[in-house]
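Protein chains in written order, with my numbering: chain A, 59 to 247; chain B, 169 to 716. Note that the Cβ used here is the ideal one computed from N, Cα and C, for glycine as well. In this text the structure is predicted, and so the values were computed from the model without any measurement.
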Amino acid sequence: MAPQTPDDHEHRTTTLEAFADTIIPGEKRSAGDRAVAGVSRGGGAVQAGAIELLEWDATGITGGLDDFAAALNRHAAAYAAEHGIPTGDGVPPFVSLPYEDRAAMVRWLTAPGHPEKALWVSLALFCNMAYDSAAHMSTVDALAAGHPGLTSMGIAPPDADGLWRFRAWSYGRPLADVHPATTESGSPA
Amino acid sequence: MNSVERTDVLVVGTGFGGAIAAYHLAAGGAKVVMLERGPWLSSGEFEHDYKLGSSYTRIFDFVVGDGMSVLGGNCVGGGSVVYFAAMPRAPRFVFERRGSIHRRMWPAAIDRDTLEPWYDRVEESIPITKQGWDDVSYAGGLWAAACRHAGRTANPVPAAVDTSTCVNCNWMMAGCRFDAKQSLLLNYLPAALAHGAEIRPLHEVQSISRNADGDYRVHYTRVHDEDYRQTEGTGTIDAKVIVLAAGAAATPVILQRSEPALGPMPHGVGRYFSGNGERLNTAVLNEDRVREVLGLDRGDGLGYAANQIGKGPTVANWDRLDGSLPEYSRYSLEQLYFPPGLGTILALAEDGSWFGPRKKEMLERWQSWLIIFQMIEDDNEGVFGPPPARGNADRLSQQMLGVGRLTYKPTANTLGAWAMADAECKDILERDGLATVTPWTNDLVGAYTVHPLASCRIGDDPHTSALDDRHEVRGHPGIFVTDGSAVPGALTVNPAMTISALAERAIPGIVAAARERGVEVTYGAPAPDGSTSGRRGAAHLVPALMRK
Numbered sequence: 059m060a061p062q063t064p065d066d067h068e069h070r071t072t073t074l075e076a077f078a079d080t081i082i083p084g085e086k087r088s089a090g091d092r093a094v095a096g097v098s099r100g101g102g103a104v105q106a107g108a109i110e111l112l113e114w115d116a117t118g119i120t121g122g123l124d125d126f127a128a129a130l131n132r133h134a135a136a137y138a139a140e141h142g143i144p145t146g147d148g149v150p151p152f153v154s155l156p157y158e159d160r161a162a163m164v165r166w167l168t169a170p171g172h173p174e175k176a177l178w179v180s181l182a183l184f185c186n187m188a189y190d191s192a193a194h195m196s197t198v199d200a201l202a203a204g205h206p207g208l209t210s211m212g213i214a215p216p217d218a219d220g221l222w223r224f225r226a227w228s229y230g231r232p233l234a235d236v237h238p239a240t241t242e243s244g245s246p247a
Numbered sequence: 169m170n171s172v173e174r175t176d177v178l179v180v181g182t183g184f185g186g187a188i189a190a191y192h193l194a195a196g197g198a199k200v201v202m203l204e205r206g207p208w209l210s211s212g213e214f215e216h217d218y219k220l221g222s223s224y225t226r227i228f229d230f231v232v233g234d235g236m237s238v239l240g241g242n243c244v245g246g247g248s249v250v251y252f253a254a255m256p257r258a259p260r261f262v263f264e265r266r267g268s269i270h271r272r273m274w275p276a277a278i279d280r281d282t283l284e285p286w287y288d289r290v291e292e293s294i295p296i297t298k299q300g301w302d303d304v305s306y307a308g309g310l311w312a313a314a315c316r317h318a319g320r321t322a323n324p325v326p327a328a329v330d331t332s333t334c335v336n337c338n339w340m341m342a343g344c345r346f347d348a349k350q351s352l353l354l355n356y357l358p359a360a361l362a363h364g365a366e367i368r369p370l371h372e373v374q375s376i377s378r379n380a381d382g383d384y385r386v387h388y389t390r391v392h393d394e395d396y397r398q399t400e401g402t403g404t405i406d407a408k409v410i411v412l413a414a415g416a417a418a419t420p421v422i423l424q425r426s427e428p429a430l431g432p433m434p435h436g437v438g439r440y441f442s443g444n445g446e447r448l449n450t451a452v453l454n455e456d457r458v459r460e461v462l463g464l465d466r467g468d469g470l471g472y473a474a475n476q477i478g479k480g481p482t483v484a485n486w487d488r489l490d491g492s493l494p495e496y497s498r499y500s501l502e503q504l505y506f507p508p509g510l511g512t513i514l515a516l517a518e519d520g521s522w523f524g525p526r527k528k529e530m531l532e533r534w535q536s537w538l539i540i541f542q543m544i545e546d547d548n549e550g551v552f553g554p555p556p557a558r559g560n561a562d563r564l565s566q567q568m569l570g571v572g573r574l575t576y577k578p579t580a581n582t583l584g585a586w587a588m589a590d591a592e593c594k595d596i597l598e599r600d601g602l603a604t605v606t607p608w609t610n611d612l613v614g615a616y617t618v619h620p621l622a623s624c625r626i627g628d629d630p631h632t633s634a635l636d637d638r639h640e641v642r643g644h645p646g647i648f649v650t651d652g653s654a655v656p657g658a659l660t661v662n663p664a665m666t667i668s669a670l671a672e673r674a675i676p677g678i679v680a681a682a683r684e685r686g687v688e689v690t691y692g693a694p695a696p697d698g699s700t701s702g703r704r705g706a707a708h709l710v711p712a713l714m715r716k
């Protein structure tokens, strides 16, 4: 494989960011942010650390990221041509697509029967995990740092020792009649 | 070194099926070695952390198949370490199921009555709590109240949880840090070790061959303790008796891979897999309506907003567990917790999308989620293809994520039952504006199960069951299967209790087979803590099980 130039890596990153932002969208990081489409307020998968997670070899997909980005841009160029969407404004084809077209491509690539479905689902899975569980960092640190996904989901903080304990957990009263055919030990008859 | 390691009984896997067999055989005097694919963690190592590489991903496996993905334990203690500890007995009608073979699936020797003494043995060995309403989590209470509002009953679910030490942290899938969950690490396994059994973690069994003297040789690979994609050498152990309990997604794969050495396997090996009919629905609650319609209040101004709090499933609706209803229309609807990580991506937003802005808005209301777990009667549609290079999957990530060979194409019976259960969830939870309910999508990773079953099942018909009613692999005397693979089909409730009862019931036959092979072993150990009433209760069933 030819050595990567900084441009290649930058294009790969913006392409993967645009994919991650399609899965869990966020707000633009700056006025000139092209990767993040800006269709949602607050942080999305990109701000949550999707690239950091994808680039960690523990995921098993790190070695394939060049191919993911290249394939995504190939599909995007074909999609853009088919739909008459102009590309070639200095960003990779997938990044140049508006959010709705990025989303349409993700739906197509992950639909039952698509030959590359499993690959795109795995990429989406890790983008989602960056947001909903911050799988690239310790959960306690992520919460302390105001991780956008965990914070937005309202994950309660742990005790000082980093473990969760809830002092109140129950309405504490009968809330339904039990099934008449229940055994003494609480099983179905 | 040419010396061959030998043992009397080699047990593959340390979950319910393996631990129960190892305990009884070791207590009866046999030399027992247990090989476990996953690591050996103790309670102090169970972390509250979603980071890749924490206990959550070390002890837990997610194997993606074609149409079915399987979640299971991958550690010493197996499923018991990562499960939610619901331990109901299976309803009576389950044992009369006919399923896809149109005649009774279970062996004639087993029904609810004949299994009852074995359930009792399990209940004496693994402390199971009949939960009261004080133990029921907010999520369970909410489900109960919604069921009552819709004219239905709801039951606290019996669970292997010490409610006096449980802190309701809902980290059960990462292992219980507080030893509240009564996993096998607290009962059968230490008792087996006390009787001399050995446990070897990070030993992944690949296949079995047969020696000239009739003993079996087990071939294993040592697995790297952090990156499970890497291996660190191979080895073999000879044994007179093999107990396979690698889990229903792995046991048939070992037998398939052994076929060139052992000869043809029964037709049922790697066929008739059931996902226990499982499917999830997510309700997003309207907090105002929770207070107004159900009158629920946590006392701090909140109606619910407590998805994170609890101990897995605490309340189930069992109104459809009615033997007079037709097959494929009976199911339970159980409140469940599913952690982030794998627990959100398959949930569908109101507009049907699994990603995008609407999904993100749904995630913002995560604390108001209530997850309902359906267990319907499926059609045993799963079939395993040819085994992968090693183990039961091509591992993608260093831990947890792999691609297996299971294919599952749901039949009209299964799809119909899921649709019926989906409609009932909607009917109960959308009443009076309580919530919006959507099912998890099956389009991304297929259906999914946390309770794989039946891929190597017991039965009376050699064509549709890999095992006889004593759990011996047909045509391969001395090889037994005691895990979820042996259960004939979906149970409509959580299966750990039934898997365990069947394993207890299988022991007398395994002891008899070991004795035939010259192993000095007897049957009759008490419960791991020394209690004896379970043994007394099952004693009258033992002689028949020891006769071939």
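For residue i, name the three-state secondary structure that DSSP assigns.
{"i": "Asp393(B)", "result": "coil"}
{"i": "Gly415(B)", "result": "coil"}
{"i": "Gln476(B)", "result": "coil"}
{"i": "Asp487(B)", "result": "coil"}
{"i": "Arg703(B)", "result": "helix"}
{"i": "Val179(A)", "result": "helix"}
{"i": "Thr535(B)", "result": "A small correction: the amino acid at residue 535(B) is Gln; Thr does not occupy that position in the sequence shown. If DSSP states are grouped into helix, strand and coil, Gln535(B) belongs with the helices."}
{"i": "Thr321(B)", "result": "coil"}
{"i": "Cys337(B)", "result": "strand"}
{"i": "His631(B)", "result": "coil"}
{"i": "Leu602(B)", "result": "coil"}
{"i": "Ala60(A)", "result": "Annotation note: pLDDT 46 at Ala60(A) (below 50); position unreliable, coordinate value reported separately. Correct three-state label for Ala60(A): coil."}
{"i": "Ile596(B)", "result": "helix"}
{"i": "Gly309(B)", "result": "helix"}
{"i": "Gly183(B)", "result": "coil"}
{"i": "Val244(B)", "result": "coil"}
{"i": "Met169(B)", "result": "Bear in mind that a pLDDT of 46 at Met169(B), under 50, signals an unreliable position, so the model cannot answer this."}
Pick from the options: whose alpha carbon is nearest that of residue i?
{"i": "Ile81(A)", "options": "Gly478(B), Thr660(B) and Ser521(B)", "result": "Ser521(B)"}
{"i": "Leu709(B)", "options": "Thr182(B), Asp234(B), Pro285(B) and Gly233(B)", "result": "Pro285(B)"}
{"i": "Gly247(B)", "options": "Arg260(B), Arg466(B), Leu621(B) and Leu462(B)", "result": "Leu621(B)"}
{"i": "Trp166(A)", "options": "Gly148(A), Pro144(A) and Tyr137(A)", "result": "Tyr137(A)"}
{"i": "Phe441(B)", "options": "Pro676(B), Ala615(B), His371(B) and Ala327(B)", "result": "Ala615(B)"}
{"i": "Lys527(B)", "options": "Arg703(B), Trp608(B), Asp465(B) and Met433(B)", "result": "Trp608(B)"}
{"i": "Arg257(B)", "options": "Ala277(B), Leu283(B) and Ser237(B)", "result": "Leu283(B)"}
{"i": "Glu235(B)", "options": "Asp383(B), Arg447(B), Val180(B) and Val409(B)", "result": "For the sequence presented, residue 235(B) should be read as Gly rather than Glu. Comparing Cα positions, the closest option is Arg447(B)."}
{"i": "Pro556(B)", "options": "Ile544(B), Gly570(B), Asn548(B) and Asp547(B)", "result": "Gly570(B)"}
{"i": "Lys175(A)", "options": "Ala188(A), Ser154(A) and Ala129(A)", "result": "Ala129(A)"}
{"i": "Ile647(B)", "options": "Asp590(B), Ser171(B), Val177(B) and Glu173(B)", "result": "Val177(B)"}
{"i": "Ile67(A)", "options": "Gly84(A), Glu140(A), Asp159(A) and Val149(A)", "result": "Position check: residue 67(A) holds His in this sequence, whereas Ile was assumed. Residue Val149(A) is the option with its Cα nearest to His67(A)."}
{"i": "Arg459(B)", "options": "Ser500(B), Arg378(B) and Ala314(B)", "result": "Ala314(B)"}
{"i": "Gly403(B)", "options": "Leu370(B), Ser237(B), Arg280(B) and Arg533(B)", "result": "Leu370(B)"}
{"i": "Thr71(A)", "options": "Asn131(A), Tyr157(A) and Val198(A)", "result": "Asn131(A)"}
{"i": "Val172(B)", "options": "Pro578(B), Val437(B), Asp465(B) and Ile405(B)", "result": "Ile405(B)"}
{"i": "Val232(B)", "options": "Asn560(B), Ser210(B) and Asp590(B)", "result": "Asn560(B)"}
{"i": "Gly443(B)", "options": "Glu518(B), Glu529(B) and Leu583(B)", "result": "Leu583(B)"}
Can you check whether the CB of residue j is closer than 8 Å to the CB of residue i?
{"i": "Ser536(B)", "j": "Ala473(B)", "result": "yes"}
{"i": "Tyr396(B)", "j": "Arg563(B)", "result": "yes"}
{"i": "Ile376(B)", "j": "Ile422(B)", "result": "yes"}
{"i": "Met211(A)", "j": "Leu531(B)", "result": "yes"}
{"i": "Leu412(B)", "j": "Ala187(B)", "result": "no"}
{"i": "Val153(A)", "j": "Arg92(A)", "result": "yes"}
{"i": "Val483(B)", "j": "Gly698(B)", "result": "no"}
>> Along the region 116-139 of chain A, where does the CB come closer than 8 Å to a CB of chain B? Name the residues.
In response: Ala116, Thr117, Gly118 and Ile119
> Which parts of the region 83-134 of chain A are runs of the alpha helix (DSSP H), unbroken and 4 residues or longer, counting only runs that do not cross its ends?
Replying inline: 103-106 and 108-112
> At a Cβ cut of 8 Å, what residues of the region 81-104 of chain A count as close to chain B, listed as they run along the chain?
Replying inline: Ile81, Ile82, Pro83, Val97, Ser98 and Gly102
> Along the chain, which unbroken stretches of the alpha helix (DSSP H) at least 4 residues long are found entirely within the region 208-244 of chain A?
Replying inline: none
> Given a limit of 7 Å on CB to CB distance, which residues of the region 206-219 of chain B reach chain A?
Replying inline: His216, Asp217, Tyr218 and Lys219
> Taking Cβ-Cβ distances below 8 Å as the criterion, which residues of the region 312-346 of chain B are in contact with chain A?
Replying inline: Ala312, Ala313, Cys315, Arg316, Arg320, Thr321, Ala322, Asn323, Pro324, Val325, Pro326, Val335, Asn336, Cys337, Asn338, Trp339 and Arg345
> Can you list, in chain order, the residues of the region 179-197 of chain A whose Cβ is nearer than 8 Å to any Cβ on chain B?
Replying inline: Val179, Ser180, Ala182, Leu183, Asn186, Met187, Tyr189, Asp190, Ser191, Ala192, Ala193, His194, Met195, Ser196 and Thr197
> Got a sec: which bits of the region 140-154 of chain A sit with their beta carbon under 9 Å from any beta carbon on chain B, in order along the chain?
Replying inline: none
>> Runs of 3 residues minimum, wholly inside the region 493-564 of chain B: which ones carry the beta strand (DSSP E) assignment?
In response: 500-504 and 537-543
>> For a minimum of 3 consecutive residues, which ranges assigned as the beta strand (DSSP E) are wholly contained in the region 620-703 of chain B?
In response: If you keep only unbroken beta strand (DSSP E) runs of at least 3 residues inside the region 620-703 of chain B, you get 647-649.
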